[in-house]
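Protein chains in written order, with the working numbering: chain B, 7 to 418; chain L, 7 to 418.
Glycine is no exception: its CB is placed at the ideal position from the N, C-alpha and C atoms.
Have a look at the structure below before the remarks.
2 protein chains.
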Amino acid sequence: MLIAHPQTQHFAEPLLLQSGKSIRAYDLTYETYGTLNADKSNAVLVCHALNASHHVAGVYENADPEVQEKSVGWWDNMIGPGKPVDTDHFFVIGVNNLGSCFGSTGPMHVNPDANPNTHPDTNTQQVYGADFPVVTVEDWVNAQALLMDKLGITTLAALMGGSLGGMQALSWTLQYPERVRHAVVIASAPNLTAENIAFNEVARRAIVTDPDFHAGNFYTHGVIPKRGLRIARMIGHITYLSDDVMNAKFGRQLKLSLVQSLGLSSANPEAASQADSYSYTTQDVEFQIESYLRHQGDKFAEYFDANTYLLITRALDYFDPARKFGGNLTQALKIAKAKFLLVSFTTDWRFSPSRSREMVKALLDNNRDVCYAEIDAPHGHDAFLLDDRRYTSIVRSYFGSILKEITLKVAS
Amino acid sequence: MLIAHPQTQHFAEPLLLQSGKSIRAYDLTYETYGTLNADKSNAVLVCHALNASHHVAGVYENADPEVQEKSVGWWDNMIGPGKPVDTDHFFVIGVNNLGSCFGSTGPMHVNPDANPNTHPDTNTQQVYGADFPVVTVEDWVNAQALLMDKLGITTLAALMGGSLGGMQALSWTLQYPERVRHAVVIASAPNLTAENIAFNEVARRAIVTDPDFHAGNFYTHGVIPKRGLRIARMIGHITYLSDDVMNAKFGRQLKLSLVQSLGLSSANPEAASQADSYSYTTQDVEFQIESYLRHQGDKFAEYFDANTYLLITRALDYFDPARKFGGNLTQALKIAKAKFLLVSFTTDWRFSPSRSREMVKALLDNNRDVCYAEIDAPHGHDAFLLDDRRYTSIVRSYFGSILKEITLKVAS
């Protein structure tokens with residue numbers, strides 16, 4: 007089993023952000039898998055989406071095998087020895103973005119510029135909280151590029167990401183066209199639609215209006231805006247799944263009663279039939295889908311930072327490379343030099359196939375080299391994280407061809 | 007202009023509810039438009055959806071013409087003199103459902119069975135609050151039928167409703183098959199999908215977990231769970247609109263700045279260009295869609311009751327006539343005797359055309375007389391409330407044919 011080792015790189019130079027603000031000094035947490043080859047031509051950077059991290063593949067070593075197994079990386083089905091992105095051949099880097107709550111500098115870290123007079127009700131060191139500057143996809147890419155510099159990697163064999171991670175991969179090809187050979191952009195979009203922004207905004211309002219949010223400075227109050235985080239996550243989950251998969255998984259099934267969950271239904275059919283009837287409640291769980299969503303919300307509120315949620319959803323909202331070209335994506339992508347693989351999933355209504363096709367068209371308009379696969383998968387947006395042979399085998403083939411390019415180049 | 011006059015009918019007999027509970031005594035608020043003919047064969051009952059009421063058509067008389075104009079009924083474009091449902095020929099009744107906050111007995115009314123010891127922190131008369139019993143579509147239909155009895159109407163020329171109103175129209179044909187000649191079921195569904203329930207559940211959680219909800223007894227605390235109501239309404243609005251119409255109306259446009267809203271942009275292009283750039287904020291409004299949703303949420307929280315929201319969304323969740331037939335809708339609709347008009351809208355992803363087609367199929371399986379129109383409208387679920395000639399002209403034709411039936415019957 008692949009054992010992952012998180013590392014941290016400190017950056018002492020300030021990072022100028024798109025907003026005009028800057029971060030004075032910062033850390034980026036990352037992991038690497040596989041070995042960088044002699045000419046440093048086999049590096050693949052994986053960018054994460056909303057609630058993921060640098061922990062892309064493998065597990066963290068632990069004496070307790072159960073604990074170890076649970077620490078598996080979020081794209082471990084895709085990346086590792088012998089996997090579609092084969093770490094026996096590629097040097098894969100997972101990096102945590104600025105503003106995250108999983109290691110890299112974010113709202114929960116100490117703000118070196120904090121004025122102790124701003125929050126006079128505390129005498130601890132000031133964390134950023136809501137003062138963490140707004141970061142964009144472009145800012146993340148700039149920070150990632152500086153990390154690549156530290157690792158001595160000038161050119162990446164591939165950038166790869168799904169959803170918001172795909173936006174970063176795309177942005178790399180525009181910000182550092184010379185440094186990217188291939189971009190693998192999965193279940194992504196060239197910007198958010200009004201509906202996408204709307205869902206983000208409702209989630210943010212739920213967090214911001216939670217009385218425990220305290221304008222983002224809840225840390226000093228010793229509370230967490232869990233109500234808001236729960237609602238945000240529930241909304242998110244609805245948009246990650248397709249209507250079809252929700253119906254297949256949950257449909258209109260009622261919550262399992264104690265009788266049913268103990269498997270007593272066959273022993274006591276009357277009790278089982280009772281358990282199958284409505285309990286007529288407006289506040290308690292009645293349907294299984296409710297139980298599932300509440301569980302997801304509860305879990306998320308335990309580990310995710312509210313300010314990070316605001317920052318990352320805003321990075322999504324703001325991403326729009328065509329904006330400075332009056333909305334013309336073809337113009338915006340003209341600068342890209344990479345070759346592209348794009349993948350979308352038919353039931354993904356968050357980042358629907360039509361959004362990927364917009365990118366494919368804009369790339370073709372510029373005579374770029376593009377592979378595009380539209381997978382007829384039932385799982386909605388979540389499909390990009392799941393195993394589907396049609397999907398994983400395309401990624402495997404594509405990385406196989408990248409490997410051939412690298413090998414030929416070394417041989418020639 | 008049609009002037010509407012709300013009326014109230016008191017019912018002294020208890021109403022037994024589907025849950026097994028009952029409401030001891032209650033009022034139903036309703037309005038009527040047009041004249042009931044001699045043989046009482048021209049009555050049309052209009053059922054309302056989530057946030058509407060008995061005030062279907064016309065305006066309330068007011069000395070101030072502006073105030074009067076603003077009081078227009080929610081389906082006034084469809085119902086009135088010379089309109090598709092022509093009140094020069096039909097006697098139309100709009101009724102407010104039990105549990106609502108617009109007149110009929112609901113959570114804000116005094117609970118005759120309240121035990122003053124339950125809420126010892128108040129010495130006012132106890133309102134129902136969260137103790138208002140769960141009401142279902144079937145319960146509403148039973149109450150509506152009792153109102154028809156009071157009005158001396160044995161058989162309705164037509165039942166009519168959109169969305170949740172359509173569910174009531176359908177349910178009438180199953181609960182009182184002899185009393186319904188036609189059912190007009192628009193933008194509706196035979197039950198909610200898991201995704202529909204999921205959206206309702208998130209909205210309910212936002213309300214219930216608002217600290218101002220006080221387990222539904224917020225009235226006695228002198229507060230309103232406005233945060234939760236706002237979130238609920240924002241979620242609702244997203245599901246009422248289509249992705250397309252949101253993009254057409256709002257797209258990625260930024261909130262109008264003061265400069266732009268004052269129309270100064272052409273006079274001062276530099277200021278206008280400034281106003282067109284991001285302000286990099288996570289908590290303030292940046293995009294127009296955010297501004298729109300916040301405004302909708304704020305308005306709603308001013309007038310809608312939180313307990314009513316829970317009750318009405320639960321009535322939606324629970325509606326499922328096929329449930330007692332093991333999910334077989336054909337079996338469930340066998341009892342219906344009415345003729346049907348069903349209408350759906352292509353971009354309605356809340357109650358998509360496929361849900362209407364399920365009903366059409368089940369009715370055809372039973373050799374029922376069905377007209378079905380699928381309108382290629384861009385407006386999503388909201389389309390059922392909007393003017394679209396293809397839609398309104400079908401309703402007009404259908405009611406024209408109902409009128410012919412009535413006239414022929416009188417003549418023969």
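Check                                                                                                                          : Outcome
Interface residues of chain L facing B:H197 [CB-CB closer than 9 angstroms]                                                    : According to the sequence provided, residue 197 of chain B is Asn. The question's His does not apply to it. Per Cβ cutoff of 9 angstroms: R258.
Cross-chain neighbours of L:Y324 in chain B, by beta carbon under 7 angstroms                                                  : Y284
Rounded distance between the beta-carbons of L:G222 and L:N313, thought under 8 angstroms                                      : 5 angstroms
CB of L:L322 within 7 angstroms of CB of L:A328, strictly                                                                      : no
Chain B within 7 angstroms of L:P359, Cβ atoms only                                                                            : no
Within 7 angstroms of chain L by C-beta, residues of the region 181-207 of chain B in sequence order                           : N197, T199, A200, E201, I203, A204, F205, E207
Contact set for B:T245: own chain, Cβ-Cβ below 6 angstroms, skip 5 residues either direction                                   : F205, R356
Coil, strand or helix - B:T288 by DSSP                                                                                         : coil
Among L:L56, L:S28, L:F325, nearest to L:A195 - alpha-carbon criterion                                                         : L:F325
Rounded separation between L:H476 and L:G386 - CA only                                                                         : Residue 476 of chain L is absent from the structure shown; chain L starts at 7 and stops at 418.
Chain B contacts made by the region 130-150 of chain L, where a contact means CB separation under 7 angstroms                  : V140
Limits of the alpha helix (DSSP H) - the one that L:I419 falls within                                                          : Shown here, chain L extends from 7 to 418; a query on residue 419 of chain L therefore has no answer.
Contacts of L:A212 in chain B (Cβ-Cβ under 7 angstroms)                                                                        : A212, I237
Cβ shell of L:T287 (< 7 angstroms), same chain only, five flanking positions each side left out                                : none
Euclidean distance between Cα positions of L:K261 and L:S403                                                                   : 43 angstroms
Cβ-based burial, B:N26 [other Cβ within 10 Å; buried from 16]                                                                  : A small correction: the amino acid at residue 26 of chain B is Gly; Asn does not occupy that position in the sequence shown. Label assigned to B:G26: exposed.
Host alpha helix (DSSP H) of L:G167 (start-end)                                                                                : First-last for L:G167: 164-168, but that is the beta strand (DSSP E), not the alpha helix (DSSP H).
Local Cβ density within 10 Å of B:P20, reported as buried at 16 or more and exposed below that                                 : exposed
Cβ of L:R320 within 7 angstroms of any chain B Cβ                                                                              : yes
Identity of the residues DSSP links to L:L347 by a beta bridge                                                                 : L:V190, L:C377
Cβ neighbour criterion (16 or more within 10 Å) applied to B:Y309                                                              : exposed
Chain L contact residues for B:L335, given Cβ-Cβ distances below 7 angstroms                                                   : Within 7 angstroms Cβ-Cβ: nothing; B:L335 doesn't reach chain L, min ~13 angstroms.
Three-state class that DSSP yields for L:T38 in the structure shown                                                            : strand
Separation of L:I159 from L:L392, as counted between CA atoms                                                                  : 30 angstroms
Partners in chain B for L:D249, counting only beta-carbon separations shorter than 7 angstroms                                 : T199, E201
Cross-strand partners of B:F17 (DSSP beta bridge)                                                                              : B:Y32
Best match in L:I192, L:V140, L:G171, L:F256 for proximity to B:A200 [C-alpha to C-alpha]                                      : L:F256
Rounded C-alpha distance that separates B:E276 from B:Y284                                                                     : Only weak support is given to the placement of B:E276: the predicted model assigns it a pLDDT of 49, under 50, and the question is left unresolved by the model.
Cβ neighbours of L:I421 in the same chain (closer than 6 angstroms, five flanking residues each side left out)                 : Any answer about residue 421 of chain L is impossible in this case: the structure gives chain L only from 7 up to 418.
Residues that DSSP places opposite L:A49 in a beta bridge                                                                      : L:F97
Neighbourhood of L:N83 by C-beta distance below 6 angstroms, restricted to the same chain and skipping five residues each side : D393
Residues that L:E296 contacts on chain A, provided the C-beta gap is smaller than 8 angstroms                                  : Included in the structure are the protein chains B and L, with no chain A among them.
L:P71 - containing alpha helix (DSSP H), residue span                                                                          : 71-76
Cutoff 7 angstroms: L:N83 Cβ touching any chain B Cβ                                                                           : no
For L:L180: DSSP bridge partner residues                                                                                       : Looking at the DSSP assignment, L:L180 forms no beta bridge with any residue, so it has no partner.
Chain-ordered neighbours of L:F293 on chain B, where CB pairs are closer than 8 angstroms                                      : A200, I203, E207, D323
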